[in-house]
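Trainee: Going by UniProt numbering, the sequence shown opens with residue 1, and the numbers climb by one from there.
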Amino acid sequence: MKRWLKIMLVIFICATILTGIGVGLEIGIYGVQSYAARKGTTMTTFEKTFDSQDITNLTFHLTNLPLEIIPTADQTIKVEAIYPKNQGIDFSASLEGHNTVSLRQEDSAFQGLFSLFAGWGDSRVTVYCPTELSLSISGRNTSGKVSISKMVTESLDLQTTSGKIQLHDLSASETRLHATSGKIALTNSQVSGKVSATASSGKISLENLQCNSVYAKSTSGSLFLNRIQADTMELHSTSGAIEGTGQWTDMAADTTSGRIELEYTSPVKGNGRFSSTSGSIRLTIPKSSSVKVDFSSVSGRLKTEDGTRRDNTLMYGDGTHHFSIKTTSGSGTISTVQD
Numbered sequence: 001m002k003r004w005l006k007i008m009l010v011i012f013i014c015a016t017i018l019t020g021i022g023v024g025l026e027i028g029i030y031g032v033q034s035y036a037a038r039k040g041t042t043m044t045t046f047e048k049t050f051d052s053q054d055i056t057n058l059t060f061h062l063t064n065l066p067l068e069i070i071p072t073a074d075q076t077i078k079v080e081a082i083y084p085k086n087q088g089i090d091f092s093a094s095l096e097g098h099n100t101v102s103l104r105q106e107d108s109a110f111q112g113l114f115s116l117f118a119g120w121g122d123s124r125v126t127v128y129c130p131t132e133l134s135l136s137i138s139g140r141n142t143s144g145k146v147s148i149s150k151m152v153t154e155s156l157d158l159q160t161t162s163g164k165i166q167l168h169d170l171s172a173s174e175t176r177l178h179a180t181s182g183k184i185a186l187t188n189s190q191v192s193g194k195v196s197a198t199a200s201s202g203k204i205s206l207e208n209l210q211c212n213s214v215y216a217k218s219t220s221g222s223l224f225l226n227r228i229q230a231d232t233m234e235l236h237s238t239s240g241a242i243e244g245t246g247q248w249t250d251m252a253a254d255t256t257s258g259r260i261e262l263e264y265t266s267p268v269k270g271n272g273r274f275s276s277t278s279g280s281i282r283l284t285i286p287k288s289s290s291v292k293v294d295f296s297s298v299s300g301r302l303k304t305e306d307g308t309r310r311d312n313t314l315m316y317g318d319g320t321h322h323f324s325i326k327t328t329s330g331s332g333t334i335s336t337v338q339d
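Shown next as structure tokens:
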């Protein structure tokens, strides 16, 4: 019996080795072919035009083809795509129902494994939308970039795993953005409703933004906000830093080990809740602000800009508004600047 077990074990090991050699040869052959294709820069082009009269939605499901959506003076929606030939990619643009243009990238089982051999430098999908057309845009691009600029839109709902979402010069009703390890950047835009931006380890950057409210959350990535105008702000981070400047009414910001640095560019006009476990909290406010600051901590200290330690309560003006700062071991610092 033992002899038969040994024989079966030898057969199994030999079969495994031969299978591995076969797979290795297959990969090598595919790699050489793909490298040759890259050197030849053989590309496939795709073009399709849609009547924009009844179109209200644009959806997409892409793997790695970069997507750019830009305005045009034409009255039609034009979709252009270019990508490497013979790389197992099938791209399509179709009309779903009577009001939705759908973009899809279908890949073969081996495309993701061998895409590093392909010449992806010029690959892209470009959508030209009429300037006066206000679309709701939603979709996911796994590792490719999503870029939208100089457009008036309805709602935006965009997702990526490791790609980048880059938006600028937009006017939208509502914006929902999510990245796992990719980056999110929204600049020079107006949103009549809520801006929601979430990421696991990617950086979130919001700059020169006017909106009703902001919700931003990142686990290990940082939150960077500059020149924000909003009624309410809610910011969360685990280990990444939270940095921001702007004018807002009510603010809530919390982090575990990251630092919080926020600057009010106009006198405080609402309440604020700030908390951190081990990270420091630094707030800068105009001298004319009227706010009462309550600080609580296990081992941290409250200081003013000159480094002087203070009691756990500070009063500016009549103390009309209220700041609550809580830490476990992190310090709290309040600085004032001339209006």
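Even glycine gets a Cβ: it sits at the ideal position worked out from N, Cα and C. Treat the numbers as computed from the prediction; the structure is a model and nothing was measured.
#1: Evaluate the contact criterion for the segment 289-299 versus the segment 315-324: three or more CB pairs, one atom per stretch, below 8 Å.
#2: Under 8 Å Cβ to Cβ from N57, same chain only, skipping five residues before and after it: list those, please.
#3: If you compare alpha carbons, which of S297, L62, L167 is closest to L103?
#4: Could you name the residues that DSSP lists as bridge partners for D107?
#5: What does the Cβ neighbour count give for V337, buried or exposed, with the cut at 16 atoms within 10 Å?
#6: Going by alpha carbons, who is nearest to C211 out of I325, S171, S220?
#7: Secondary structure at N64, three-state DSSP: helix, strand or coil?
#8: Tell me, please, which residues DSSP counts as bridged to I281.
#9: Report, in whole angstroms, the separation of the C-beta atoms of A197 and L177, which I expect to be a contact under 8 Å.
#10: Can you have a look at Q105 and say buried or exposed, based on whether 16 or more other CB atoms are within 10 angstroms of its CB?
#11: What residues are listed by DSSP as bridge partners for N312?
#12: Taking C-alpha atoms, which residue in S189, T304, K183, G193 lies nearest to K203?
#13: In chain order, what residues of the same chain have a beta carbon less than 6 Å from the beta carbon of E263, not counting five sequence neighbours either side?
#14: Using the DSSP secondary-structure output, state which residues sit across from L170 in a beta bridge.
#15: For V146, does the count of other Cβ atoms within 10 angstroms reach 16, so buried, or fall short, so exposed?
#16: Spatial neighbours of E96 within its chain, please: C-beta separation below 7 Å, excluding the five flanking residues on both sides.
#17: Return yes when the Cβ of G240 is within less than 7 Å of the Cβ of S220, no when it is not.
#18: How long is the line joining the alpha carbons of E243 and R301, rounded to whole angstroms?
#19: Here's the rule: buried if 16 or more other CB atoms are within 10 angstroms of the residue's CB, otherwise exposed. What is M233?
#20: Under DSSP, the beta strand (DSSP E) around P130 begins and ends at which residues?
#21: Is H236 closer than 7 Å to D250 when the C-beta atoms are compared?
#22: Confirm the yes/no value for this check: CB of K150, any heavy atom of the ligand PLP, distance under 6 Å.
#23: Can you look up I29 in the DSSP assignment and give me helix, strand or coil?
#24: Using CA atoms only, rank isn't needed, just tell me which of K78, P66, T126, P286 is closest to D51.
Mentor: Looking at the coordinates:
#1: yes
#2: One-based indexing of the sequence shown puts residue 57 at position 57. N99, T100, V101, L135, S136, I137, S138, listed in sequence order.
#3: Counted from its first residue, the sequence shown places residue 103 at position 103. Comparing Cα-Cα distances from L103 to each of S297, L62, L167, the minimum goes to L62.
#4: If you number the sequence shown from 1, residue 107 lands on position 107. In DSSP, D107 forms a bridge with I89.
#5: Walking along the sequence shown from the start, residue 337 turns up at place 337. Its Cβ having fewer than 16 others within 10 Å, V337 is exposed.
#6: Along the sequence shown, read from residue 1 onward, the residue named residue 211 stands at position 211. Considering only alpha carbons, the answer is S171.
#7: Within the sequence shown, the letter at position 64 stands for residue 64. Coil at N64, not helix or strand.
#8: On the sequence shown, position 281 is the one that residue 281 refers to. Paired residues: I260, G332.
#9: Numbered from its first residue, the sequence shown carries residue 197 at position 197. Numbered from its first residue, the sequence shown carries residue 177 at position 177. With 8 Å as the limit, A197 and L177 qualify as a contact, their Cβ atoms being about 5 Å apart.
#10: Against the sequence shown, residue 105 aligns to sequence position 105. Buried, because 16 or more other Cβ atoms sit within 10 Å of the Cβ of Q105.
#11: In the sequence shown, the residue the question calls residue 312 occupies position 312. DSSP lists no partner for N312.
#12: For this step, residue 203 is matched to residue 203 along the sequence shown. Nearest C-alpha to K203: K183.
#13: As a first step, residue 263 must be located in the sequence shown, where it is residue number 263. Contacts found: T245, T284.
#14: Position 170 of the sequence shown, counted from the first residue, corresponds to residue 170. Partner(s): M151.
#15: Indexing the sequence shown from 1 puts residue 146 at position 146. V146 should be labelled buried.
#16: Counted from its first residue, the sequence shown places residue 96 at position 96. Cβ neighbours of E96 beyond the five flanking positions: S102.
#17: Your numbering for residue 220 matches position 220 in the sequence shown. Your numbering for residue 240 matches position 240 in the sequence shown. Contact flag set, yes.
#18: By 1-based counting over the sequence shown, the position of residue 243 is 243. By 1-based counting over the sequence shown, the position of residue 301 is 301. Using only the alpha carbons, I get a separation of about 20 Å.
#19: Taking the sequence shown and counting its residues from 1, the one referred to as residue 233 is at position 233. That one is buried.
#20: As a first step, residue 130 must be located in the sequence shown, where it is residue number 130. Run containing P130: 124-130, per the beta strand (DSSP E) assignment.
#21: Looking up residue 250 in the sequence shown gives position 250. Looking up residue 236 in the sequence shown gives position 236. No, the Cβ-Cβ distance between D250 and H236 is not below 7 Å.
#22: In the structure shown, the ligand PLP is absent, as is every other ligand, since no ligand is present at all.
#23: The residue labelled residue 29 in the question sits at position 29 within the sequence shown. Confidence at I29 is low in this model, with a pLDDT of 43, below 50, so its placement is unreliable and no value can be given for it.
#24: Residue 51 sits at position 51 when you count from the first residue of the sequence shown. With distances taken between Cα atoms, D51 lies closest to K78.
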